[in-house]
Structures are given as structure tokens and as C-alpha cells.
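Residue numbers (our numbering), protein chains in the order written: chain A, 1 to 706; chain B, 1001 to 1178. In what follows, a single structure is set out as C-alpha cells and then discussed.
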């Protein structure tokens, strides 16, 4: 609030920091840090002084450790041989337990800590495990639990102490101890631990139940063979009472197991079916129904799931009924012998009281009655993959100026597949507190921005926006990033420039581009003003080559041109006259991936049949430089920028051949599917088959892979 | 995600409350305005905490994403709440200091009735230990000295007797001097 007023009293605060009163010392240190936290040099000076002189208050020591570890993290993420680290380590030998624990936890939380550096901290925590104080035991186990996530081997030394804590009267401590052991223990101890934990699982709070479930799901990935034990345990937990978060964690875990282990699919689905019979959470019920629709038809006896799904249609709320109808349709489409029964059930759903359910039933009924594979694929398995706000906008536009032409679905921007972020770290944190916001996608924001510029309005809908590419080194005078926007016949390059010199004002900033291929630069739109540290954007419009549609790859050499006006760093007042200058940027490449949008086809086989072999091409390549199948898969996926389907981006261990399925949409809205069969034998041999609804797309892929 | 992204700060304690053995609130302080801003949410949280903790004296629990340390005495429950990254031992120190100070001013009768009778002293103690979430003092002796609060009835009678004797002495002294 009154930062500046307080700042004048720094000297007094400094004096107070060496006061005899322990609390005064602590508060003075806190204040000093707060005043200086933006000045890294001053903080490190302060640390230096206090680590040498030593402090009296344990609180002040804790504060100092936190400041030190923060500084350490900011300055050199890697090397830990600085005096700061030594200081933290020396605190492990402090008299006060509070300080010792703070130091241990600081070391444990440091990124990329080696096992050797962890060892002293872990042994301190091990001592705490046998403390009579519950808080201390809790703190120690919780921290060890975190160590176990990153360095399970470092904690194995504590296994014996942790075993003793399993029967601790404080259930939080017992739960943490068991989940830690589950992470470090061997496969043989899993059964015993699971039995132990199930004896008191009903007594612990929901937060810890979630921790247990997460530990189990981690375990399943480690020991896939134990999935039957886990599955049993999880289904028991599923039957118990619990909040939404807890149930969701269990359902996610079971779904994870089903996806990882095909042999556990049937038991898993059976448990989930049982769960939705009595599930008050709409979100979970619809999720499970969706999964049933996806996986159920491919099991040996799909008919047994129909009963569960149809029960939902009879008993549940609208949202669940609608999801159940969609799931039913998938069974009907994939299993011919079930089709007549599904049609009968659909007929019944057409009399539902809810609009959405009736609509879906009528729609699926009609599609299914056609009995055409291509229709089934397009409308039942692989639904629309357009961005919803984009669709809304296009439809609105269409209704504004009515025309004879039917609405073209291809003009709607595609939804970019959300990148599923894997939660690698699992800790007892408040999962319930994270608000789930529906943010408009990045592309929709760009679409809006570009549509506001007159020159770009005639280009049609935005097809794809790439990730930002850095065109300058990290710490230079000007920072320039480029985002490539692809339209059906043009590309727009958006240069986000930042001026990091406070004595300059840049005007009329333009990035001049020299293409290597037959691309043609049509327009430059300059950024009028570029003041210090205020980012601005300038654009270049480029026409894609028309005579040779397969020439999509291109390299541009870029130069930033601008008018410099020197200005006073303090006031920002520019001089009257300026001079022209230029700044050479790094080359910008347009790749195949820029022309292809990722699309997830849940049922690749059906999509493959739907596109047909009209423009199919096949070729075989030898990738001599690649040593493993994993590497080959990774390279192809990132090179083509397409979406791997049917989990084919994961190569099973110890296999010499693999098939990769990729799906995408080529610029202009043509579906594009790639099937790559790979075999490993002294380098990787790859047979690529490409199908598309457009010949150009096939040629582009073939030309670029070769 | 919950690593040491914690900014080093003096603000350690998020909340502090005292409940009776039915889970009713006797005293509560919430120091983080973002945490349970309304009384209704606070009551919910307290009820939840009470239900999970009153059965067993376990000292520490992790609830609703918060570290809660607690202690019970006869028919009272004392709670100190901090963020999940907070040093549990710091919170424990606060709780111990609170408990020891209160047991001093209540003359070891840490019970609901005595607490209510000396509520003003309890408030003084709490404010002396924590100010807006910052730990001000952790030594019970220091707290008592600063509060300088004497439990009601006893202090009144003792003090008056001493005063009477003192004034009598003065009177006698003056009368002799004359």
C-alpha cells in the first residue's frame, strides 16, 4: 500500500534484524525481503550477510531457508554447489526441529536434486518418523511421500520406519505411509499393503482417499500384472460413500487401467456398469456411457452391456439419457446381429419426453437404417470436430446474408485437439478448489484479432495457427516471436515484437520477408509504434503458390525494418527526428505441419474406410538414422503435425514392428489419414499409406516424407 | 504444482478458532480474506473440521486442502490452520503457545465456562500471538507479560486487600510523622 514510505525505513529495519529480541529479528527479515524481493542482487547480499552472522530466532532461520531456496531455484536451476545450498544443508544440523524440517523440505523440493544431495535430508526425515509428536511424524511422512514420487530409491532406506507408521493412530499419517510404501515397495508387498489400507479406508477423509487412488493408479502403471488386485480394491471403494472428487478419481483410474491393459477391459467395464446403476453424478455417468459406447462393441459379448445402457434411458436425467442413446447407436453400428434389437430400443427412445433425447434417437435411427458403413463412420463414430464458437460464428454469419448456397461445413475452423496434460505429480492438494473455466481457444482469439484487420477479411476462415516461434535470441535488444496463421490460399505471419531498450521508440515496424520458393508476399502491415516493453504486432500476408500446389515447404529470411527515435529513458519523450535502421532476424520455416490441423478420429478404421482408396498412395522409406521405433513414431508425429489415433503413438515394449495411425485435416478442409507400418531391423523401414479426399494433400505428404 | 512456489512471507497462519465439544464456535479469526470469506463458508469448514477431528486426538490433519493442527482440553478444541505448504511445526508452535498462554490466564482451568468468563483476556492473547496471520510471539511467558491480564475474581479481591493495607500503612505513616 504505502510501499515507498516503508522503503525509507530500510536502515531501521536492517538494525532491527540484528536485534536481540527473537521475534523482532524474524519480522525485520520478513520486511527486508519483501522490500527487496525484486532485486536479486540485494537479496543475495542480504542472505550472505545473515548466513554468516547467524540468527537467533528459529522462525527467522526458516524464513532464510525459504528465501535461499527460492533464490537458488531462480538463479541456477542445476548446480547445487553454491554457498546457499551449503547453508541449507548446514541447517539440517540445527538444534531446532522446526529449522531442520524446513531445511529438509527445502532440499526435497528443489528441482533436479541428485540422490547424494537428498541423502542427508532423507535421513533426517527418517529420524522424525519415530518422533512422539504426531505433527512431526506427519510432516516427515508427507515430505518422504513427495521424495518417493521423484526418487523412490532414495526412500527405500526408510521402509522399515514407514512400516511402523502403517498402524499409526493418526489415519493421515498411516495413509501417507502406505502410499509412500506403495511407491517404493516391491511387487510382492503390494497385496499386503492393499489389505492393510482397505481395513481403514472408510475412516480417512476424502482428500486422502484421492491420494490413495492416485497411488494405486501409479502402481498399476508400474506393475500391470497386479491389475486384478487393484481392480477389486477400486470396485470396493467405488461402492463406498464418497464425494464427487473421490469417485471421479476412481473412475479415471479404472479407465486408465482399461486403456493400459486390454485383458482387464471386461472386468473393468463390468465394474463401471455396476457403478452407473447407482450413480448420482451426471458427469461421471455420461463419461462412463461414452466409454461403454467406445469399448463395449469390441468386446466378445457386447450384448450384455445393452441392458445396463438401456436401464439408464429408463431411469436417469436428460443428459444421461442422451448419452445412453449415443452409446446404444454405437453398438448398433458395429454389431450387425445386435442392430435389430438396437433399432427396437431406439424406437422406444423416440417417445422420450426430452427434446435432445428424441432428436438423437431419431437421427441415429435413420442413420442406422441406411446400413451404410460410410454413413455410420461419419455420423456415429467420428462426430464433428469443429470448434464450437467457430461454428456458432459461421452460422450466425450465414443467417445474416442469406444465399442460395447451402452452408459449407468445411468453412468452419476446426477444433484443435486439446493437449492432455499429464499430472505427473500427485500430492494431497486441494483439487476441489481449481475452477474449471471454459476459455475460448487460442485460435478463436487469433481469428477475432485477424478479422479486425481490413486487409485480411477476404481470406476466409482461419485454418490453423501455429505455436509461436522465437526469431531472436533470448536476451537481445528486440524480442520477436512469429505465429503462422494458415488460410486456405494464403498465410499470414504475425510478428509479436517487444522493444527492450528504454531509450528508443520504434515506429513503422515491418518485418521484410524473402521467400525461397514461389511464395509471393502481398502485403505488409506495420506496427505504428513500439514503445519500451510494450509488445506490438505487425503482419505479413503471403500467397501460397498456385501453379504447383505441392510446394508447401518454404524458408523465409526475415529482416525487421523500422524508424528509430531516441528518447529520454525516464520520461519516454521521443526526439523529433529519427533514422531508419534494420535488424536481421533468424530464418522462418513453413513446414508440412503448418498446413495440417490435428483431428482425433476415435474410430480410425471406420474413418479409413469412409475416405476410400480413390487417392491412395503407398511408398516405402528407409530411415537409417533412427534407432528405435519410439523415436521414429515421435519424429513422424511432430514432422507431420497430425493426431495419433487409437493410442498408436505408444509402442509396446519388445516389439519389432508397429503400426501408427495419424489423422488430420489438410488446408482447405480435406480429411487426411496416414497409416505407417514400421519394422525395426538395423534402422527403421517404414511403409507409408496415405488416403485423403483430395489428391494434392496426398502428394504433399508423399513429397515431404521422402 | 505444489512445490516450493510458495513466496517467502511472514503470513503463516490462515485461520485460528476455538470450538466447544458440540462443534459450536467460541472464537474464530480468519486472516486470509480469500479463504472462506463468508460466515456460512466458515461455519461449514469448522463443522467439517470438527467432525473429522473430535473423535481422536491426532494433533494434525489435512482437510479441504489445508493443514490443520489441533488440540483438545476437557470440552474445548483449539485449531490452527495453515496452507498445505506451510511448515507444520511452525503451526504447532503457535498452537502450543496459544494453549499454554490460555492455560496460564485461566489458571489451568482450560474449560468452556472459564474461557467464556475470561473472553476478553482470550482475545488479547490471540491478538498478541498472531497479527493478521503473522506470528508475533511464540513464547507464552512473553505473551502473558504483554497481555498483563489477571483472571477476574481472584485478582480483584487480592488487589483490593493489598490496596487497603497499603493505604492503611500510608495513613499510619502520615499520622506517626505528624
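Every residue gets a Cβ at the ideal spot worked out from N, C-alpha and C, and that includes glycine. Fair warning: this is a prediction, and the values are worked out from it, not measured in the lab.
DSSP three-state call for residue i: helix, strand or coil?
{"i": "residue 169(A)", "result": "coil"}
{"i": "residue 603(A)", "result": "coil"}
{"i": "residue 468(A)", "result": "coil"}
{"i": "residue 1028(B)", "result": "strand"}
{"i": "residue 62(A)", "result": "helix"}
{"i": "residue 1131(B)", "result": "strand"}
{"i": "residue 1009(B)", "result": "coil"}
{"i": "residue 94(A)", "result": "coil"}
{"i": "residue 1198(B)", "result": "For chain B, the structure presents residues 1001 to 1178; residue 1198(B) sits outside this window and is missing."}
{"i": "residue 1087(B)", "result": "coil"}
{"i": "residue 1050(B)", "result": "helix"}
Quick check: is the beta carbon of residue i nearer than 8 Å to any beta carbon in chain B?
{"i": "residue 520(A)", "result": "no"}
{"i": "residue 139(A)", "result": "yes"}
{"i": "residue 102(A)", "result": "yes"}
{"i": "residue 59(A)", "result": "yes"}
{"i": "residue 107(A)", "result": "no"}
{"i": "residue 16(A)", "result": "no"}
{"i": "residue 717(A)", "result": "Within the shown structure, residues of chain A are numbered from 1 to 706, placing residue 717(A) beyond reach of any answer."}
{"i": "residue 55(A)", "result": "no"}
{"i": "residue 170(A)", "result": "yes"}
{"i": "residue 135(A)", "result": "yes"}
{"i": "residue 207(A)", "result": "yes"}
{"i": "residue 248(A)", "result": "no"}
{"i": "residue 66(A)", "result": "yes"}
{"i": "residue 70(A)", "result": "yes"}
{"i": "residue 242(A)", "result": "no"}
Roughly how far, in whole angstroms, is the beta-carbon of residue i from the beta-carbon of residue j, given that I think they are within contact range, below 8 Å?
{"i": "residue 512(A)", "j": "residue 559(A)", "result": "5 Å"}
{"i": "residue 162(A)", "j": "residue 129(A)", "result": "7 Å"}
{"i": "residue 564(A)", "j": "residue 581(A)", "result": "5 Å"}
{"i": "residue 197(A)", "j": "residue 251(A)", "result": "Residue 197(A) to residue 251(A), Cβ: 19 Å. No contact."}
{"i": "residue 141(A)", "j": "residue 176(A)", "result": "4 Å"}
{"i": "residue 1070(B)", "j": "residue 1105(B)", "result": "That belief does not hold up - the Cβ atoms of residue 1070(B) and residue 1105(B) are roughly 20 Å apart, past 8 Å."}
{"i": "residue 657(A)", "j": "residue 686(A)", "result": "Wrong, their Cβ atoms sit about 10 Å apart, outside the cutoff."}
{"i": "residue 182(A)", "j": "residue 159(A)", "result": "Actually they do not touch by this definition, with Cβ atoms about 11 Å apart."}
Using DSSP's beta-bridge definition, name the partner residues of residue i.
{"i": "residue 124(A)", "result": "The partner list for residue 124(A) (beta bridge, DSSP) is empty, contrary to what the question assumes."}
{"i": "residue 1066(B)", "result": "1063(B)"}
{"i": "residue 558(A)", "result": "513(A)"}
{"i": "residue 579(A)", "result": "564(A)"}
{"i": "residue 617(A)", "result": "690(A)"}
{"i": "residue 584(A)", "result": "559(A)"}
{"i": "residue 553(A)", "result": "Beta-bridge pairing links residue 553(A) to no other residue."}
{"i": "residue 543(A)", "result": "490(A), 520(A)"}
Span of the beta strand (DSSP E) holding residue i?
{"i": "residue 534(A)", "result": "Counting along the chain, residue 534(A) falls outside any beta strand (DSSP E), and DSSP gives it neither H nor E."}
{"i": "residue 597(A)", "result": "596-598"}
{"i": "residue 529(A)", "result": "527-530"}
{"i": "residue 676(A)", "result": "670-680"}
{"i": "residue 485(A)", "result": "478-486"}
{"i": "residue 660(A)", "result": "657-666"}
{"i": "residue 497(A)", "result": "490-499"}
{"i": "residue 1076(B)", "result": "1076-1082"}
Would you say residue i faces chain A, with C-beta separation under 8 Å as the test?
{"i": "residue 1135(B)", "result": "yes"}
{"i": "residue 1000(B)", "result": "It is not possible to answer for residue 1000(B), since the shown part of chain B is limited to 1001 through 1178."}
{"i": "residue 1060(B)", "result": "yes"}
{"i": "residue 1101(B)", "result": "no"}
{"i": "residue 1056(B)", "result": "yes"}
{"i": "residue 1122(B)", "result": "no"}
{"i": "residue 1013(B)", "result": "no"}
{"i": "residue 1052(B)", "result": "yes"}
From which residue to which residue does the alpha helix (DSSP H) around residue i run?
{"i": "residue 515(A)", "result": "That residue, residue 515(A), is in no alpha helix (DSSP H); its beta strand (DSSP E) goes 504-515."}
{"i": "residue 348(A)", "result": "339-349"}
{"i": "residue 49(A)", "result": "40-53"}
{"i": "residue 33(A)", "result": "22-36"}
{"i": "residue 1113(B)", "result": "1112-1117"}
{"i": "residue 592(A)", "result": "Residue 592(A) -> no alpha helix (DSSP H), and no H or E assigned at all."}
{"i": "residue 332(A)", "result": "318-334"}
Shorter than 7 Å, the distance from the beta carbon of residue i to the closest heavy atom of the ligand ADP, or not?
{"i": "residue 186(A)", "result": "This structure lacks the ligand ADP, and indeed carries no ligand of any kind."}
What does residue i reach in chain C if we use C-beta pairs closer than 8 Å?
{"i": "residue 1087(B)", "result": "In the structure shown, chain C cannot be found, because the protein chains are A and B."}
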